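Novice: Below: one structure in structure tokens.
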Amino acid sequence: MLFDVMEQVLCQGRTARLYKSIVDEQKLASAIDCYASLPAARLDGLFSFYAIPLAPHTNQEVFDAILAEIEKIKKDGITNEELEKVKHQIDADMVYSLESNMGLASMLSFFESLTGDWQYIYQLRDRMHNIKSDEIKRVANQYFVPERRSSVFMEKKKGGV
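For what it's worth, this note's numbering labels the leading residue of the sequence shown as 11, then goes sequentially.
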């Protein structure tokens, strides 16, 4: 759940930190996104970033800008305003996904397979609403460290297409 909050704060939408900083303000990239993948809901998971640098900027420049934003969260955490906004976004997404029979079945089977309890959905909402901004800072400091990082840069081959 904490990784989901980090994902929303960093990457979801044009008001997210990375989009505002790297795409709008610094104009280093044309697109940026990140994903908190399973099993992060229950175990350590994978948190990945994706960006498309704008010429003449390089992958390294974008990478450094991403790290700078992460360092801000590690040092200062996130604001209560950011946290409340994200909680409402996640809550709304969850409610909207339950509007159809297919969405309800998908959500319940997801939690049954992930946690062994289809009723975990109720606990999840309670857990999410009890998250504090200092928990986000703690998680950022625990997981976003060089020892846990793998970086892949994809670049066009020189002289190639």
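Each residue gets a CB set at the ideal place from its N, CA and C atoms; glycine is no exception. None of the values given here were measured: they were computed from a predicted structure.
Run the CB neighbour count on A26, radius 10 Å, all protein chains shown included, and call it buried at 16 or more, exposed below.
Specialist: Counting from 1 along the sequence shown, the entry for residue 26 is found at position 16. Buried is the call here.
Novice: My understanding is that I141 touches M16, with C-beta atoms under 8 Å, so please give their C-beta distance in whole angstroms.
Specialist: Position 131 of the sequence shown holds residue 141. Position 6 of the sequence shown holds residue 16. With 8 Å as the limit, I141 and M16 do not qualify as a contact, their Cβ atoms being about 11 Å apart.
Novice: Quick check on E109: buried or exposed, where buried means 16 or more other Cβ atoms within 10 Å of its Cβ?
Specialist: Taking the sequence shown and counting its residues from 1, the one referred to as residue 109 is at position 99. Exposed, by the Cβ-count rule.
Novice: List the whole-angstrom C-beta distance separating K84 from K147, where the pair is believed to meet the contact cut-off of C-beta under 8 Å.
Specialist: Counted from its first residue, the sequence shown places residue 84 at position 74. Counted from its first residue, the sequence shown places residue 147 at position 137. So it is a contact: roughly 7 Å between Cβ atoms.
Novice: Is there a C-beta anywhere in chain C that falls below 8 Å from the one on F121?
Specialist: Protein chains in the displayed structure number just one, and chain C is not present.
Novice: Whether or not the segment 89-101 and the segment 62-81 are in contact is what I'm after, with contact meaning three or more pairs of Cβ atoms, one per stretch, closer than 8 Å; do they touch?
Specialist: Taking 8 Å as the limit for Cβ pairs, the verdict is that the segment 89-101 does not touch the segment 62-81.
Novice: Give the straight-line distance between the Cα atoms of A50 and L64, rounded to the nearest whole angstrom.
Specialist: Your numbering for residue 50 matches position 40 in the sequence shown. Your numbering for residue 64 matches position 54 in the sequence shown. Model confidence at A50 stands at a pLDDT of 47, short of 50, so the residue's coordinates are unreliable and nothing is read from them.
Novice: Rounded to whole angstroms, what's the CA-CA distance from G55 to E122? Just pull it up for me.
Specialist: Mapped onto the sequence shown, residue 55 falls at position 45. Mapped onto the sequence shown, residue 122 falls at position 112. Taking the straight line joining both Cα atoms gives about 18 Å.
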